[in-house]
Amino acid sequence: MLLISMTTQEMRTYQCEACGYKFKATRLHKICPYCGKEGTVKPVKDAETILKEVDQENQGGYQQ
Ligand SMILES: [Zn+2]
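Under the working numbering, read the sequence shown as residues 3 to 66, first letter to last.
So, in structure tokens, the structure goes:
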């Protein structure tokens with residue numbers, strides 16, 4: 003059974019370091035949608051994101 007149909011656009015959590023505004027988006031915003039400052043938005047590593055990264059490492063996606 004295949005239920006996955008939206009794999010191309012992955013929602014991630016981002017947070018503005020200037021105002022602390024947290025939001026979800028499919029890609030990194032250069033400008034904070036709340037305070038309008040530039041370069042303050044950083045991806046937030048929530049539990050879900052960390053689990054996904056561990057998954058990728060286990061699949062041998064990285065080589066040194
Ligand atoms: Zn902001």
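From the three backbone atoms N, C-alpha and C, an ideal C-beta is built for every residue, glycine too.
Do residue j and residue i come within 8 Å of each other at the CB atom, strictly closer than that value?
i   : j   : result
P35 : R14 : no
C37 : A49 : no
K24 : Q17 : yes
L53 : V43 : no
Comparing alpha-carbon positions, which option in the options lies nearest residue i?
i   : options       : result
K47 : E55, G41, E40 : E55
K32 : E40, F25, K26 : E40
Roughly how many angstroms separate the alpha carbons of residue i and residue j, rounded to a whole number?
i   : j   : result
E12 : T28 : 5 Å
Which residues end up in the neighbourhood of ligand 1 when you take C-beta atoms closer than 5 Å to any of its heavy atoms? C18, A20, C21, Y23, C34, Y36, C37
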